[in-house]
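Worksheet: one structure, shown below.
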Ligand SMILES: C[S@@+](CC[C@H](N)C(=O)[O-])C[C@H]1O[C@@H](n2cnc3c(N)ncnc32)[C@H](O)[C@@H]1O
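In UniProt numbering, the protein residues as written are 1 to 235.
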């Protein structure tokens, strides 16, 4: 099996903890291999999300405030910059990935944080848009992170997530939870699901799924959407 495929699998083994995920990515970035292993064509999440942003914001792109959650080495920022987006902040727990990201000189502000059930050091409704490419997976952003994404985006703004489609089935944290929570937040009038679209060749020739939500209200009750859903299925 190809080395880059194996390198990616090792970031996603069943039972990997959030700290192990962050450390794994730091080591991967330190070898300077992440961007090479997941080059465009192999991993297309950043291009998919940037294309979606460009289609969603036709004008005044340089004023759109974006937070790239799970920004990693900044691949999404690079793609967004090609389209003229300039106000881009990033958030990621991995020091090694953030170091590479900083060197690209695209992001205004970088936060070393996990997006999870913790309150991020960001005010309510700061951003026009939150984007996530590749941040969902085993041990990665849990379902509770959706609440924070919603909270930090202003009403009328958007949350865009692209992820590998099969993770909806076999990542226990997401199975029968991630999509129900997106729907429940819609019923609670926190956001509207504008689109759920399957995308081909998201990474390693596997299909992806893109979720696009329009934020309605960011005064989020942190637990309500999670409470009535099944708990995470044990590994
Ligand atoms: C496959 S990389 C994607 C990086 C970048 N978005 C890209 O498309 O190249 C996954 C990233 O998710 C980050 N990550 C993992 N768990 C996270 C969490 N709970 N909150 C935010 N980022 C997380 C990792 O540190 C890693 O940088």
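Even for Gly, the Cβ is constructed at its ideal location relative to N, Cα and C. Note that the structure is predicted; figures quoted are calculated from it, not measured.
Checklist entry - Is any heavy atom in ligand 1 found nearer than 8 Å to the beta carbon of residue 130? => result Checking every heavy atom of ligand 1 against the Cβ of residue 130, none is found closer than 8 Å.
Item to check | Pick from 31, 75, 89 that is closest to residue 126, judged by C-alpha positions | outcome: Proximity to residue 126 across 31, 75, 89 peaks at 89, based on C-alpha coordinates.
Next on the checklist: I need the DSSP call for residue 42, collapsed to helix, strand or coil.
Outcome noted: Looking at residue 42 - three-state DSSP - the assignment turns out to be coil, as it is neither helix nor strand.
Checklist entry - At a cut-off of 8 Å, is residue 140 close to ligand 1 when judged by its beta-carbon and the heavy atoms of the ligand? => result Yes, the beta carbon of residue 140 sits closer than 8 Å to at least one heavy atom of ligand 1.
Item to check | Runs of alpha helix (DSSP H) lying entirely within the UniProt domain "Methyltransferase" (66 to 157), each at least 4 residues, in chain order | outcome: As far as the UniProt domain "Methyltransferase" (66 to 157) is concerned, its whole alpha helix (DSSP H) runs of at least 4 residues are 75 to 82, 95 to 104, 145 to 151.
Next on the checklist: For the beta strand (DSSP E) containing residue 58, name the first residue and the last one.
Outcome noted: That residue, residue 58, is in no beta strand (DSSP E); it is neither H nor E in DSSP.
Next on the checklist: Does residue 2 pass the burial test, meaning 16 or more other C-beta atoms within 10 Å, or should it be called exposed?
Outcome noted: Result: exposed.
Next on the checklist: Could you give the first and the last residue of the continuous alpha helix (DSSP H) run that contains residue 242?
Outcome noted: What is shown of the chain runs 1 to 235, which leaves residue 242 out entirely.
Item to check | Range of the contiguous alpha helix (DSSP H) that encloses residue 20 | outcome: Where residue 20 is concerned, the enclosing alpha helix (DSSP H) starts and stops at 18 to 30.
Checklist entry - Of all the options 116, 131, 120, which has the alpha carbon lying nearest to the alpha carbon of residue 145? => result When each option's Cα is compared against that of residue 145, the closest is 116.
Checklist entry - Which of the three DSSP states, helix, strand or coil, is assigned to residue 192? => result It is a strand residue.
Item to check | Sequence-distant residues of the same chain with beta carbon closer than 7 Å to residue 10, five excluded per side | outcome: The beta carbon of residue 10 lies closer than 7 Å to those of 24 in the same chain, with the five residues before and after it left out.
Checklist entry - Any heavy atom of ligand 1 within a distance shorter than 8 Å of the CB on residue 51? => result Shortest gap from the CB of residue 51 to any heavy atom of ligand 1: 8 Å or more.
Checklist entry - How would you call residue 60, buried or exposed, if buried means at least 16 neighbouring beta carbons within 10 angstroms? => result With fewer than 16 other Cβ atoms within 10 Å, it is exposed.
Next on the checklist: Would residue 139 and residue 31 be called neighbours here (beta carbons separated by less than 9 Å)?
Outcome noted: Contact flag unset, no.
Next on the checklist: Give me, in chain order, the residues of the same chain whose beta-carbon lies closer than 6 Å to that of residue 120; leave out the 5 immediate sequence neighbours on both sides.
Outcome noted: Taken in chain order, the residues that qualify are 113, 148.
Item to check | Sequence-distant residues of the same chain with beta carbon closer than 7 Å to residue 196, five excluded per side | outcome: These residues qualify, in order along the chain: 209, 211.
Checklist entry - Can you tell which of 107, 103, 141, 202 has its C-alpha closest to the C-alpha of residue 29? => result Among 107, 103, 141, 202, the Cα nearest to that of residue 29 is on 103.
Item to check | Which listed residue (101, 43, 8, 58) has its alpha carbon closest to that of residue 73 | outcome: Here the closest residue by C-alpha is 101.
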